[in-house]
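Asker:
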Amino acid sequence: MLDQVQSTAPLEARKAASADDRPWCEKHDRIVRDEIEAINTRREGTRQLRIDDLQPCQMLDVTGLALSGGGIRSSALCLGVLQALNHHNLFGRIDYLSTVSGGGYIGTSLGATMTVARRFVFGERPAGDTATACEISDTPSVGHIRNYSNYLIPAGVRDLLTGIAIVVRGLIANIGLTLPIVLMLAAVTIWSTPTRHCLTVATLFGVAISDDKLCELHDFSIVNRYGFTAIGAVLALILLVCSGLTYLSSRSERGSGPSIVFAYLAGIALLVGVACDFARLLQVKNFALTLAIGILGVVLFFIWAVVRSFASPEKRQEFRSHLPSAGATFLVVLAVNAFFEFQPFMLREMFDAADSSVIGGPVAGATITWIKSLAAIAAPIGVFVTAFRQQFAELLKGNGVSSQWGSLVLAIVAKAALWIAGLALPLIIWVAYLYLSYWGIANDLFERCPPSPTQRECLVSARSAASSQGSLAGKIQFDADSGTLSAEIKPKAAPRVVDDTERLTPTWHAPGWLLSAAKRVGDIFHAQFPSQFQGKASELAYSFSLPMVILYVLTGALLLIVSLLLTPNANSLHRLYRDRLSKAFLFDPTRSADGDIARAEASLDQGRDFKPLDRMKLSDLYAVANADDPNAGPKLSAPYHLINTALNIQGSDFANRRGRNADFFVFSPRNVGSEATGYATTLALEKVEQSLDLATAMAISGAAASSNMGSSSIKALTPTLALLNVRLGYWLRNPRYVNARSFHRFSPLYFWSEISGRLYENSDGVYLTDGGHIENLGVYELLRRRCRVILAVDAEADTPMNFASLMTLQRYARIDLGVRIDLPWTPIRERTRALMARNTSGEPPPCQHRRDDGPQDDVHVAIGTIDYGGSDQGFLVYIKSSLTGDENDYIRDYARRHATFPHETTGDQFFSEEQFEVYRALGFHMTHGFLCGDNPVAVGSGVDPRTARFTDVGEPAIDAVRGALGLPVQQPQIAPVMVTALDQG
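Counting along the sequence shown from 1, when you hit position 57 you're at 75 in this note's numbering, and nothing is skipped either side.
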């Protein structure tokens, strides 16, 4: 099926797009030049990069800083890293800032505050430019962020209640989008089976396949006159004409587009028509149409096999050819028909269960009771799994368990829980559909037994043919001596559930409010269209079931019309998330909330707010600094910011993108877009997308909880997460169509695209989520730009220290870019694992002042190489959230009390002051320690790591990084050598 967001781009444009297989840096050289032009505005004259001399895909002499995802944990740790870089006066050397998720919180705050204040506001440079201090003092800006470390509910209960109200509003909106479908299906069911008797009669949309016409609410004599096959053939011909007209008007490719959909619908119409006439010959009550379609399918598949045997080799294509697609469509039609023919069986079970409850007898309806119980059990499991989806995803990958068998068992348990949770809401919706149908079908069994003193006996007699009433009682005796078994059995009367004084009617099972509403609607329509309430069906069907059908159709149509007014981002959780993040991280440090000039010095009173920058645009990061100067041009005040997000394209035609379910989508001050969608200028997109601003981009980059999560998607949970409105993602106008003359407004089908995962890169609107859903370090885009030096801060939750994000980056870089990364990361892992294991076991630290571990283990940072190909070699400085044991007192104390520190779950976004401070202090300690040489760094190859000090002389990787950061690179002194001549003769 094709979704409403499928594009109608011209065929030539699509072919051109698919044929361009040049490298990214060559195809999008203009984007790189735009960025270098902006970067040059921050560089001194002697360090300017000549844009005219730039060649596509050359390595750029620029330095990039990447801040990884990890929620508020990453934000706090990266804040410490930024403070240390400023402490060593290195910000002038950082050209690019690439952020993901939590790293984007503080990265966006950095860009906004530096743009407004023209300085670094989260710390002051030491006096005399000597970075000797091992810590720095707070500033009011740091105090502001620390006060909002619990950014989701900063005001406590008040924010919690407002958040719950917003969640409930979104749930109601989603119900408004799904209920019309359920109501329409229930209306069709009641129309097809208006009375209980009709549940055993085979019908097709109210047209009886058998000769029993008592179940037809309308006169379908035309079908009896011409047959189902003729009607199906006429419909097929009409659909084929529509297919041809659509093909000619849209110029779509053969085998794709709406034209092929109409052609397939024509085939389905003809197939169903033939199957209905065939089902009449079978004379089967239950699953008659399914049996007929199945038999026809056997014949058709055998004919297909014979045709294949005589086909020429060039016509035997199996992949995405028409006949295999038609076969798959047939199987879908068969399954759907079987499911809908199963519903009358379930409804009969519901009536049997109701009979047992009101007139006594053995409990009936075991199947429907089991379904309802399963839904009741699955619902709380669904809520639990939804709340801890990230942890379940880790269990599926086997992370965090040392035993191979333990990992396998936990993965199986997690997968079972996910599938049960995924079934919860579909089961609830199914049960709702069954009850809506059950309430609208008249119980004509009670019509045969009208209210009277003997009604109960009449009902018992009416059901006696189907099943015996009451139960049996007695005793069984076994005589061991004689070896005989004797039993005394006597019938036991069924208990009376309903008093004889209470009379049952054919509509007894329906709620009173529903009966009242249906009666009013029925009276109105009966007065306007009396002829529609007469026919071959029973009077009960016209007086009760038909008004129910009309009520359901009207209600569903009204909800559908109202739902057309709903927009995709209005009722998701994105706006709540965005506003909370904006309040915490986007502020003007030079102005207080009341508009007065804020003091720059530190203050013990850190409770005051600054003026918000809630509506600051992305393009404002590269804007004219002095509007009064006519000669002034746009200028960067902070590193050029790349905000990384994931473009969800589970339905992509490109196998590589479909395998990852996502592509790299970037917001920046000058351009927005991805390789899959193309790029648009930021100013042009902001013009057509009014709600796009810096806060929106920051929130999209951190939209970790969503129904579709790129390569992290949990398919079993996708419908459940969408229906529960766990949707932090954002629907954005496709950059490909920014300059298009017309743009189709989003329709409610966007929601069904989320539920089904049918998301495309060529749709009118694209769905964006957390950048960590494809690459969590933010390094990939810097590799695309071939930066010479990249500083990467990895603050993800990595309790087992498996470096999963680094492994993913290396794989993507090798596959997509042909770039190889060699990083000596193992020394970081070993020391942190040992300390975390000690904290977990509660073992006290060693008594001696100096640890027994050698200094080579005190590593937070690794420096590796980036092989761009040819002679281009870059360097990666990798700063990993880790422990060495030489941190300050309150960091080590917190680690002792929290075994998973510094990798506490990202699900905890409610940081206390202590949590925020220990992560910030750890980030500063790691970065300052390696920059000043207090702690060694790992260098060398990944298979043969060694350690060195960043202040050491003669290490090539360290010298290259120091040179890029503007730090002095001392030449090694050559000791004098005495040369002695030896007499060879």
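Glycine included, C-beta positions come from ideal geometry on N, C-alpha and C.
(1) Jot down the residue ranges of each uninterrupted beta strand (DSSP E) in the region 880-909, minimum 3 residues, whole runs only, in chain order.
(2) Would you tell me roughly how many angstroms separate the C-alpha atoms of alanine 460 and glycine 315, rounded to the nearest one?
(3) Does the beta-carbon of tryptophan 457 have 16 or more other beta-carbons within 10 angstroms, so that it is buried, or is it exposed?
(4) Please work out which residues of its chain come closer than 7 angstroms, Cβ to Cβ, to alanine 287, disregarding the five sequence neighbours upstream and downstream, and give them in chain order.
(5) So the beta strand (DSSP E) isoleucine 808 belongs to, where does it begin and stop?
(6) Identify the residues that DSSP records as bridge partners of isoleucine 839: which are they?
(7) Return the residue from the list Ile447, Leu558 and Lys898 that minimises the CA-CA distance to leucine 201.
(8) Classify phenylalanine 919 as helix, strand or coil using the three-state DSSP reduction.
(9) In this structure, how does DSSP classify phenylalanine 8 when only helix, strand and coil are distinguished?
(10) Using the C-alpha atoms, what's the distance from alanine 822 back to glycine 728?
(11) What does the Cβ neighbour count give for arginine 91, buried or exposed, with the cut at 16 atoms within 10 Å?
(12) Between which residues of its own chain and glycine 872 is the CB-CB distance below 6 angstroms, once the five residues before and five after are set aside?
(13) Report the three-state DSSP secondary structure of leucine 115 (helix, strand or coil).
(14) Please state whether the Cβ-Cβ distance between alanine 982 and glutamate 973 is less than 7 angstroms.
(15) On the three-state DSSP scale, how would you describe serine 374?
(16) With H, G and I counted as helix, E and B as strand and the rest as coil, what does DSSP make of proline 362?
(17) Would you check if the distance between the CB atom of arginine 596 and the CB atom of alanine 721 is smaller than 7 angstroms?
(18) Count the other CB atoms within 10 Å of the CB of asparagine 168; is the residue buried (16 or more) or exposed (fewer)?
(19) At a Cβ threshold of 7 angstroms, is arginine 538 touching chain D?
(20) Check the DSSP bridge columns for isoleucine 661 and list the partner residues they point to.
(21) Is it buried or exposed for glutamine 933, if we count other Cβ within 10 angstroms and need 16 for buried?
(22) For a test of the three-state rule: what should DSSP assign to aspartate 871, helix, strand or coil?
(23) Just tell me which of Leu341, Ile313, Gly312 and Val317 has its CA closest to the CA of arginine 326.
(24) Could you tell me whether the region 833-849 touches the region 111-124, where touching means 3 or more Cβ pairs closer than 8 angstroms?
(25) What does a CB cutoff of less than 7 angstroms around histidine 946 pick up in its chain, not counting 5 residues either side in sequence?
(26) Can you tell me the Cα-Cα spacing of serine 374 and leucine 599, whole angstroms?
(27) Could you tell me the distance, in whole angstroms, from the CA atom of aspartate 518 to the CA atom of tryptophan 526?
(28) Would you kindly report the start and end of the unbroken alpha helix (DSSP H) that includes serine 159?
(29) Please report the distance separating the alpha-carbon of phenylalanine 360 from that of leucine 533.
(30) Quick check: what's the CA-CA separation for leucine 636 versus tyrosine 785?
(31) Mapping DSSP to helix, strand and coil, what is serine 823?
(32) What do you get for tryptophan 531, buried or exposed, if any count of 16 or more other CB atoms within 10 angstroms of its CB means buried?
(33) What separation, rounded to the nearest whole angstrom, lies between the Cα atoms of valine 381 and leucine 222?
(34) From what residue to what residue does the alpha helix (DSSP H) around leucine 534 run?
(35) Helix or strand or just coil, what does DSSP make of glutamine 24?
(36) According to DSSP, simplified to helix, strand and coil, what is leucine 622?
Answerer: Reading it off the structure:
(1) Complete beta strand (DSSP E) runs here, min 3: 890-898.
(2) Locating residue 460 in the sequence shown gives position 442, counting from the first residue. Locating residue 315 in the sequence shown gives position 297, counting from the first residue. Rounded to the nearest whole angstrom, the CA to CA distance from alanine 460 to glycine 315 is 35 angstroms.
(3) Position 439 of the sequence shown, counted from the first residue, corresponds to residue 457. By the 10 Å Cβ count, tryptophan 457 comes out buried.
(4) As a working mapping, residue 287 is identified with position 269 in the sequence shown. Excluding residues within five positions, the ones whose Cβ falls inside 7 angstroms are Gly250, Leu253, Ala254 and Leu257.
(5) The residue labelled residue 808 in the question sits at position 790 within the sequence shown. It spans 805-812 - the beta strand (DSSP E) in which isoleucine 808 sits, taken as one unbroken run.
(6) By one-based count along the sequence shown, residue 839 stands at place 821. DSSP lists Ile884 as partners of isoleucine 839.
(7) Residue mapping note: residue 201 aligns to position 183 of the sequence shown, counting from 1. For the residues Ile447, Leu558 and Lys898, the minimum Cα distance to leucine 201 belongs to Ile447.
(8) For the purposes of this step, residue 919 is taken as residue 901 along the sequence shown, with counting starting at 1. Coil, per DSSP.
(9) Summary: the structure shown does not reach residue 8, with the chain confined to residues 19 through 1003, and so no result is reported for it.
(10) Translated into positions along the sequence shown, residue 728 becomes position 710. Translated into positions along the sequence shown, residue 822 becomes position 804. Roughly 16 angstroms between the two C-alpha positions.
(11) The residue you call residue 91 lines up with position 73 of the sequence shown. Here arginine 91 is buried, its C-beta having at least 16 other C-beta atoms within 10 Å.
(12) Looking up residue 872 in the sequence shown gives position 854. Here the model assigns glycine 872 a pLDDT of 42, short of 50, so the residue's position is not dependable, and the following value carries that caveat. Excluding residues within five positions, none has a Cβ falling inside 6 angstroms.
(13) For this step, residue 115 is matched to residue 97 along the sequence shown. Leucine 115 carries a strand assignment under DSSP once its states are collapsed to helix, strand and coil.
(14) The residue given as residue 982 occupies position 964 in the sequence shown. The residue given as residue 973 occupies position 955 in the sequence shown. For alanine 982 and glutamate 973, no; Cβs fall outside 7 angstroms.
(15) Counted from its first residue, the sequence shown places residue 374 at position 356. DSSP places serine 374 in helix when its eight states are reduced to three.
(16) Numbered from its first residue, the sequence shown carries residue 362 at position 344. Per DSSP, reduced to three states, the secondary structure at proline 362 is helical.
(17) By one-based count along the sequence shown, residue 596 stands at place 578. By one-based count along the sequence shown, residue 721 stands at place 703. Alanine 721 sits away from arginine 596, with the two beta carbons spaced by 7 angstroms or more.
(18) The residue you call residue 168 lines up with position 150 of the sequence shown. That one is buried.
(19) Judged by its chain identifiers, the structure shown contains no chain D, having just a single protein chain.
(20) Against the sequence shown, residue 661 aligns to sequence position 643. Bridge partners of isoleucine 661: Thr117 and Phe685.
(21) Residue numbering aside, residue 933 sits at position 915 when the sequence shown is read from its first letter. The residue is buried, with at least 16 neighbouring Cβ atoms inside 10 Å.
(22) To locate residue 871, count along the sequence shown from 1; it is residue 853. Unreliable placement is indicated for aspartate 871, whose pLDDT of 41 sits below 50; the coordinate value is still reported in the next sentence. It is coil, neither helix nor strand.
(23) The residue labelled residue 326 in the question sits at position 308 within the sequence shown. Checked all of Leu341, Ile313, Gly312 and Val317; the closest Cα to arginine 326 is Leu341.
(24) Too few Cβ pairs lie closer than 8 angstroms, so no.
(25) Stepping through the sequence shown from its first residue, residue 946 is reached at position 928. These residues qualify, in order along the chain: Ala102, His105 and Cys152.
(26) Locating residue 374 in the sequence shown gives position 356, where the first residue counts as 1. Locating residue 599 in the sequence shown gives position 581, where the first residue counts as 1. Their backbone Cα atoms lie some 57 angstroms apart in a straight line.
(27) Your numbering for residue 518 matches position 500 in the sequence shown. Your numbering for residue 526 matches position 508 in the sequence shown. Interpretation of aspartate 518 is limited by its pLDDT of 47, a score under 50 that renders its predicted location unreliable; no figure is taken from the coordinates.
(28) Start at 1 with the first residue of the sequence shown, and residue 159 comes out as number 141. Looking at the DSSP string, the run of the alpha helix (DSSP H) that includes serine 159 is 158-165.
(29) Here residue 360 refers to the residue found at position 342 of the sequence shown. Here residue 533 refers to the residue found at position 515 of the sequence shown. Using only the alpha carbons, I get a separation of about 26 angstroms.
(30) By 1-based counting over the sequence shown, the position of residue 636 is 618. By 1-based counting over the sequence shown, the position of residue 785 is 767. Between leucine 636 and tyrosine 785, the C-alpha separation is close to 19 angstroms.
(31) Your numbering for residue 823 matches position 805 in the sequence shown. In this structure, serine 823 counts as helix in the three-state DSSP scheme.
(32) Position 513 of the sequence shown, counted from the first residue, corresponds to residue 531. The residue in question, tryptophan 531, is exposed, as its Cβ has fewer than 16 Cβ neighbours within 10 Å.
(33) For the purposes of this step, residue 381 is identified with residue 363 of the sequence shown, where counting begins at 1. For the purposes of this step, residue 222 is identified with residue 204 of the sequence shown, where counting begins at 1. In this prediction, valine 381 has a pLDDT of 45, which is less than 50 and means its spatial position is unreliable; nothing more can be read from the coordinates.
(34) Reading the sequence shown from its first residue, position 516 is the one you call residue 534. Note on residue identity: the sequence assigns serine, not leucine, to residue 534. Per DSSP, serine 534 is one residue of the alpha helix (DSSP H) stretching across 530-546.
(35) Taking the sequence shown and counting its residues from 1, the one referred to as residue 24 is at position 6. Confidence at glutamine 24 is low in this model, with a pLDDT of 43, below 50, so the placement of that residue is unreliable and no value is reported for it.
(36) The residue labelled residue 622 in the question sits at position 604 within the sequence shown. At leucine 622 the pLDDT is 41, less than 50, meaning the model places this residue with poor confidence and gives no usable figure here.
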